[in-house]
Amino acid sequence: MPTVPALPTSSLSFVSAPRVRFAPAPTGFLHVGSARAALFNWMFARHTGGTFVLRIEDTDPARSRDELVEGIERTLHWLGLDWDEGPFRQSARMHLYAEAADRLLAEGSAYWCDCTREAVDARTPAGAPPGYDGFCRDRGVERTPETALRLRTPDEGETVVHDLIRGDVHFDHRTLEDVVIQRRDGTPTFLLANAVDDADMAISHVIRGEDLLPSTPKVLLLRQALGNHEVPVFAHLPLLVDEKRQKLSKRRHAIAVEEYREQGYLAEALRNYLALLGWAPPGDREIVPLDEMVDLFEVEAVNKAPAFFDLTKLAHVNATYLRALPVATFVRESLPWLMEDPPWPPERLDPSVFEAVAPLVQERVQTLGEVPGMVDFLFLEAPDIDPDSWAKGVTRMAEAGAVLGDAIATFESCHWEAEAIHQATLDIAVRHGLKLAKAQAPIRVAVTGRSVGPPLFESLQALGRASTLERLRAARARWASEQPTSASQ
RNA sequence: GGCCCCAUCGUCUAGAGGCCUAGGACACCACCCUCUCAAGGUGGCGACACGGGUUCGAAUCCCGUUGGGGCUGCCA
Numbered sequence: 221m222p223t224v225p226a227l228p229t230s231s232l233s234f235v236s237a238p239r240v241r242f243a244p245a246p247t248g249f250l251h252v253g254s255a256r257a258a259l260f261n262w263m264f265a266r267h268t269g270g271t272f273v274l275r276i277e278d279t280d281p282a283r284s285r286d287e288l289v290e291g292i293e294r295t296l297h298w299l300g301l302d303w304d305e306g307p308f309r310q311s312a313r314m315h316l317y318a319e320a321a322d323r324l325l326a327e328g329s330a331y332w333c334d335c336t337r338e339a340v341d342a343r344t345p346a347g348a349p350p351g352y353d354g355f356c357r358d359r360g361v362e363r364t365p366e367t368a369l370r371l372r373t374p375d376e377g378e379t380v381v382h383d384l385i386r387g388d389v390h391f392d393h394r395t396l397e398d399v400v401i402q403r404r405d406g407t408p409t410f411l412l413a414n415a416v417d418d419a420d421m422a423i424s425h426v427i428r429g430e431d432l433l434p435s436t437p438k439v440l441l442l443r444q445a446l447g448n449h450e451v452p453v454f455a456h457l458p459l460l461v462d463e464k465r466q467k468l469s470k471r472r473h474a475i476a477v478e479e480y481r482e483q484g485y486l487a488e489a490l491r492n493y494l495a496l497l498g499w500a501p502p503g504d505r506e507i508v509p510l511d512e513m514v515d516l517f518e519v520e521a522v523n524k525a526p527a528f529f530d531l532t533k534l535a536h537v538n539a540t541y542l543r544a545l546p547v548a549t550f551v552r553e554s555l556p557w558l559m560e561d562p563p564w565p566p567e568r569l570d571p572s573v574f575e576a577v578a579p580l581v582q583e584r585v586q587t588l589g590e591v592p593g594m595v596d597f598l599f600l601e602a603p604d605i606d607p608d609s610w611a612k613g614v615t616r617m618a619e620a621g622a623v624l625g626d627a628i629a630t631f632e633s634c635h636w637e638a639e640a641i642h643q644a645t646l647d648i649a650v651r652h653g654l655k656l657a658k659a660q661a662p663i664r665v666a667v668t669g670r671s672v673g674p675p676l677f678e679s680l681q682a683l684g685r686a687s688t689l690e691r692l693r694a695a696r697a698r699w700a701s702e703q704p705t706s707a708s709q
């Protein structure tokens, strides 16, 4: 595998084009927080004319599975985030990390340790801070299948992390413990692989989540021990949190980008919303197309405070993008949701009927996943009548029976076109001394099964006269059967 | 416990000493529009965590307090 020559000096990162990387560990799905990190790296690279590298951190054998990697690539593609190099897989570069480990050992920067977690804990006095105590530092432990390699961290001095978002962050070496860099099975931990690869791939700017900030001095120390004295510039992004201000967790939230896709969120919308978390375009604008986003993006302007991942606002952004779509595109994007697992017999779907009402549906849904529920009455044999809607629009309305009867008679002969149906319904309203809003209610419930939905007259036109009349008659019959006194009328 | 980070409306944010009686957006409320629901329009509610400094002047700078979070794994 070809390796990229290392940058000669650290200052070069400012004069030559930046190189950034997105380095997820494969977990089977792409976390929205990771997607945000990928987006910020990507925007930074595109804004600066730099290079965006994709690197899969699959040093843990349990995570090194092809399908997990494919999922990341697919989702990144869906989001429109293309990479210039990679994907490099750490599982294919193990020899590099092994060499590095050998060198560190030979030079005395690392040592073998045979302590188990239990042994370390047992040595820790009650109440004292937990952590490794450097027990094996000078015990001369030989390599066995039971030993792991630890980095010998300095006892004095400090490491400073230069962060574009947070400024200089100082870490006192005395607070750093000797971390494991190679497991007993010989595989590297992420610190080692990370240090080796960032140097080898000449990464100039490391943009990632704030949760990685505490591990940064260790990586820097590792790089130094490996003889790599260039220091990348860091930018630790604020975490994405839940309503309790805690890191998004798989347990309680939908955090996979794929889930949002499946719910009918548009990639552009999710991307736009993600960009708004921790950053804001200049001016009072939030809905900004990608290319403009790239022009405007500045890592230095990213916020420090954690951001709440707000589904309500995401939905709003998505609805805005949905409405902005050309109708033909909206129809095309909706089709998968209409065809996959629909609430009606699949063969009853008539795309041309959907097209007729699509513009009306478009401005009433926040996600594509809501589309079927908005038009189901058009493709169902008979609509499911919502009990509350029936009670409100028919049972509790004195004129309901009469209006339904009139509608049956009137709709039999009127011209079957939205405006004409509108006019006819207006006439019905007048005849019963009602406002149009009131008169349309029982008709809407009878035909669509609900008290809310797309504009009624266009819906009736799309449904067709025959089905409309059939449903009106059924409703009228049901109404009659529910009357306490006379059954017919 | 230790180390580290953070702190403007409920939420996302604008604000880089005077332009701030703190702006926008989401949510919420009211009204308008209207065949329901949306969309749209108008208006409303609503924040600089607290305490000290520095300064003629602080949301903006410094210190402290409080609060929140992250890390503390042979996960990344």
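Basically my numbering = 1-based index in the first sequence + 220. C-beta atoms are modelled at their ideal positions from N, C-alpha and C, and glycine is treated no differently. Model, not experiment: these values are computed from the prediction.
For this session: Determine the extent of the beta strand (DSSP E) in which GLY291 is found, giving its start and end residues.
Result: That residue, GLY291, is in no beta strand (DSSP E); its alpha helix (DSSP H) goes 286-299.
Problem set entry | Inter-stretch contact (C-beta, 8 Å, three-pair minimum) for the stretch 240-253 and the stretch 280-293 | yes
For this session: Indicate whether LEU259 and ILE292 have their beta-carbon atoms separated by less than 8 Å.
Result: no
Exercise. What residue does the beta strand (DSSP E) around ASP418 start on, and which one ends it?
Worked result: First-last for ASP418: 410-420, but that is the alpha helix (DSSP H), not the beta strand (DSSP E).
For this session: Can you grab the Cα-Cα spacing for the pair LEU692 / THR668, in whole Å?
Result: 10 Å
Problem set entry | Cβ distance (whole Å) where ARG239 is taken to contact SER424 below 8 Å | 5 Å
Exercise. Leaving out five residues before and five after ILE507 in sequence, what residues of the same chain have Cβ atoms less than 8 Å from its Cβ?
Worked result: ASN492, VAL537, THR540, TYR541
Exercise. From ARG664 to SER687, what distance separates their C-alpha atoms?
Worked result: 13 Å
Problem set entry | Nonlocal neighbours in the same chain, by C-beta distance under 6 Å from LEU433, ignoring five residues either side | HIS456
Problem set entry | Whole-angstrom distance between GLU637 and ARG685, CA atom to CA atom | 10 Å
Problem set entry | CA nearest to the CA of HIS382, picked from PRO566, THR532, GLU520, ASP515 | GLU520
For this session: Report back the beta-carbon spacing between TYR317 and PRO408 to the nearest angstrom; my notes put them in contact at under 8 Å.
Result: 4 Å
For this session: Counting only the same chain and skipping the five closest in sequence on each side, list residues whose C-beta sits under 8 Å from that of ALA237.
Result: THR268, GLY269, GLY270, THR271
For this session: Check the DSSP bridge columns for ARG323 and list the partner residues they point to.
Result: DSSP lists no partner for ARG323.
For this session: May I ask you to list the residues that DSSP assigns as paired with VAL453?
Result: HIS425
Exercise. DSSP three-state call for LEU259: helix, strand or coil?
Worked result: helix
For this session: Just tell me which of GLY498, LEU486, PRO603, GLY613 has its CA closest to the CA of SER554.
Result: LEU486
Problem set entry | Cβ pair count under 8 Å reaching 3, the stretch 616-629 against the stretch 650-662 | yes
For this session: Please classify ALA611: is it buried, with 16 or more other beta-carbons within 10 angstroms of its beta-carbon, or exposed?
Result: exposed
For this session: Would you kindly check if the distance between the Cβ of TRP564 and the Cβ of ASP596 is under 8 Å?
Result: yes
Exercise. Can you tell me the Cα-Cα spacing of ASP420 and GLN586, whole angstroms?
Worked result: 45 Å
Exercise. Between ALA413, LEU497, GLU482, which lies nearest to GLY429 when the distance is taken from Cα to Cα?
Worked result: LEU497
Exercise. Any chance the stretch 367-374 sits against the stretch 396-408, with 3 or more Cβ pairs inside 8 Å?
Worked result: yes
Exercise. Helix or strand or just coil, what does DSSP make of ASP431?
Worked result: helix
For this session: Could you spell out where the alpha helix (DSSP H) holding THR587 opens and where it closes?
Result: Segment: none, THR587 is in no alpha helix (DSSP H) and carries neither H nor E.
Exercise. What is the residue span of the beta strand (DSSP E) that ILE276 lies within?
Worked result: 271-276
Exercise. Just checking my contact of LEU446 with ARG357 at CB under 8 Å: how many whole Å lie between their CB atoms?
Worked result: Contact flag wrong, Cβ pair sits at about 19 Å.
Problem set entry | Straight-line gap, GLN643 to PHE677 (C-alpha atoms, nearest Å) | 10 Å
Exercise. From ALA422, ASP334, VAL361, GLY354, pick the residue whose C-alpha is nearest to that of ARG394; which is it?
Worked result: GLY354
For this session: Given a cut-off of 8 Å, decide if VAL477 and LEU369 are closer than it, judged by their beta-carbon atoms.
Result: no
For this session: Give me the Cβ distance between LEU440 and LEU411, rounded to the nearest whole Å; I'm assuming they're in contact under 8 Å.
Result: So it is not a contact: roughly 10 Å between Cβ atoms.
For this session: Identify which residue in VAL551, ASP647, ALA620, ASN261 has its Cα closest to the Cα of ASP570.
Result: VAL551
Problem set entry | Inter-residue Cα distance where the pair is GLU583 and PRO674 | 10 Å
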